[in-house]
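Residue numbers (the working numbering), protein chains in the order written: chain A, 4 to 146; chain B, 4 to 139.
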Amino acid sequence: MITRKTGKSRKNVQVDFSKAFEGLKKKLYSDTAKIIQEGFSDIVIDTPIDTGYAKSNWFVLFGDSPGISAPSKDGGPYRSEGQVIDDGSGIIKILKKNGFKEGLRFYNPTPYMGMLEYGHSSQNQFFIRRSVKKMANKISSIR
Amino acid sequence: MLLLEREILGHLSDNWTQSPVISWANFNVSVNYSSDIEYLVPFLRNLDSQILETPASTGAVRRDYAMGLNLLLKENTGTSAVNSYVEVLKNLFSKKDISTANYSYSFSPLEVGPGFGQGPHFEIPISVEFYVYSSD
Numbered sequence: 004m005i006t007r008k009t010g011k012s013r014k015n016v017q018v019d020f021s022k023a024f025e026g027l028k029k030k031l032y033s034d035t036a037k038i039i040q041e042g043f044s045d046i047v048i049d050t051p052i053d054t055g056y057a058k059s060n061w062f063v064l065f066g067d068s069p070g071i072s073a074p075s076k077d078g079g080p081y082r083s084e085g086q087v088i089d090d091g092s093g094i095i096k097i098l099k100k101n102g103f104k105e106g107l108r109f110y111n112p113t114p115y116m117g118m119l120e121y122g123h124s125s126q127n128q129f130f131i132r133r134s135v136k137k138m139a140n141k142i143s144s145i146r
Numbered sequence: 004m005l006l007l008e009r010e011i012l013g014h015l016s017d018n019w020t021q022s023p024v025i026s027w028a029n030f031n032v033s034v035n036y037s038s039d040i041e042y043l044v045p046f047l048r049n050l051d052s053q054i055l056e057t058p059a060s061t062g063a064v065r066r067d068y069a070m071g072l073n074l075l076l077k078e079n080t081g082t083s084a085v086n087s088y089v090e091v092l093k094n095l096f097s098k099k100d101i102s103t104a105n106y107s108y109s110f111s112p113l114e115v116g117p118g119f120g121q122g123p124h125f126e127i128p129i130s131v132e133f134y135v136y137s138s139d
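Right under this line is the structure:
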């Protein structure tokens, strides 16, 4: 809400935009978080499956936090698709609450992730690039 | 497959004169890969499509693509051949504006990733992005 105060002399007018900006900021954070959550879900869902190991290794990390070592590929059971998405969404919610003051990254330590993304025989080449492009386009069109 | 996809693949087919054989395995052509033959494996992935104007029914459309141009090379043959093939692909696509019969394509810089063993070959992932405007 924009509030206006007019002084007695009518020469002294104050307009307070702070509440309006606060509302805009909240909407911006909310829209951005939604797009990032959808992007993360898309990447997890689109990760090619053989054993489910690569899909289970997706994480959302704060910008500067160290990466996570790949757990051993021991036949599982691995984290389910829903669990991976829920865990990532939890981190995105924290970042949203903090106003995206820290960067975030999607991280996957699976050693053969490059083959899944770029390999000619992969089930779903460029699945990461596709999600990132869609996220970028959606974020740039937030109004 | 969209006409704009067919035309840019046709451009590749018409202009690729190097020894690796183009494998159209990603376009419904079966290929029995032989370890004695080197291949160029194109694939296209639509990244996003956006209607840019209203009304949508007549609005221009921007389509973004990633094009893979992976090389499958004989194992243990070093990198000199890779460099020469990459140079040819760069000259064909990197940062180029290409016009075909019906479309104009704007390409990003070509990118070459770290290679890995894949079956009987060593695979070099090569990719380039492009966008194209169309009315459909």
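Beta carbons are placed, not taken as given, at the ideal position from N, Cα and C, and that holds for glycine.
Between residue i and residue j, which are expected to be in contact by the criterion C-beta below 8 Å, what is the C-beta distance as a whole number of angstroms?
i                      : j                      : result
residue 103 of chain A : residue 63 of chain A  : Contact flag wrong, Cβ pair sits at about 13 Å.
residue 131 of chain B : residue 70 of chain B  : 5 Å
residue 144 of chain A : residue 45 of chain A  : Their Cβ separation, rounded to whole angstroms, is 17 Å, which puts residue 144 of chain A and residue 45 of chain A out of contact at 8 Å.
residue 47 of chain B  : residue 23 of chain B  : Actually they do not touch by this definition, with Cβ atoms about 18 Å apart.
residue 11 of chain B  : residue 103 of chain B : 7 Å
residue 124 of chain B : residue 76 of chain B  : 6 Å
residue 113 of chain B : residue 133 of chain B : That pair is no contact at about 11 Å.
residue 112 of chain A : residue 55 of chain A  : Not really, about 15 Å apart at Cβ, beyond 8 Å.
Which one of the options has the shortest CA to CA distance from residue i?
i                     : options                     : result
residue 83 of chain B : B:27, B:29, B:127 and B:5   : B:127
residue 29 of chain B : A:24, A:138 and A:126       : A:126
residue 66 of chain A : A:38, A:95 and A:118        : A:95
residue 89 of chain A : A:16, A:130, A:41 and A:124 : A:41
Start and end of the alpha helix (DSSP H) containing residue i?
i                     : result
residue 4 of chain B  : Unbroken run through residue 4 of chain B: none, as it is neither H nor E.
residue 93 of chain A : 84-100
residue 60 of chain B : No alpha helix (DSSP H) holds residue 60 of chain B; DSSP gives it neither H nor E.
residue 59 of chain A : 56-59
Quick one: grab the DSSP three-state call for residue i.
i                      : result
residue 49 of chain A  : helix
residue 25 of chain B  : strand
residue 48 of chain B  : strand
residue 84 of chain B  : helix
residue 105 of chain B : coil
residue 73 of chain A  : coil
residue 123 of chain A : coil
residue 190 of chain B : Residue 190 of chain B lies beyond the range of chain B shown here (4 to 139); nothing can be said about it.
residue 68 of chain A  : coil
residue 146 of chain A : coil
residue 33 of chain A  : helix
residue 127 of chain B : strand
Mind checking which residues open and close the beta strand (DSSP E) that includes residue i?
i                      : result
residue 32 of chain B  : Counting along the chain, residue 32 of chain B falls outside any beta strand (DSSP E), and DSSP gives it neither H nor E.
residue 64 of chain A  : 62-65
residue 147 of chain A : Only positions 4 to 146 of chain A appear in the structure, and residue 147 of chain A is not among them; the question remains open.
Buried or exposed for residue i, please, with buried defined as at least 16 other CB atoms from any protein chain shown within 10 angstroms of its CB.
i                      : result
residue 27 of chain A  : exposed
residue 41 of chain B  : buried
residue 117 of chain B : exposed
residue 45 of chain B  : buried
residue 120 of chain A : buried
residue 121 of chain B : buried
residue 24 of chain A  : exposed
residue 20 of chain B  : exposed
residue 55 of chain B  : exposed
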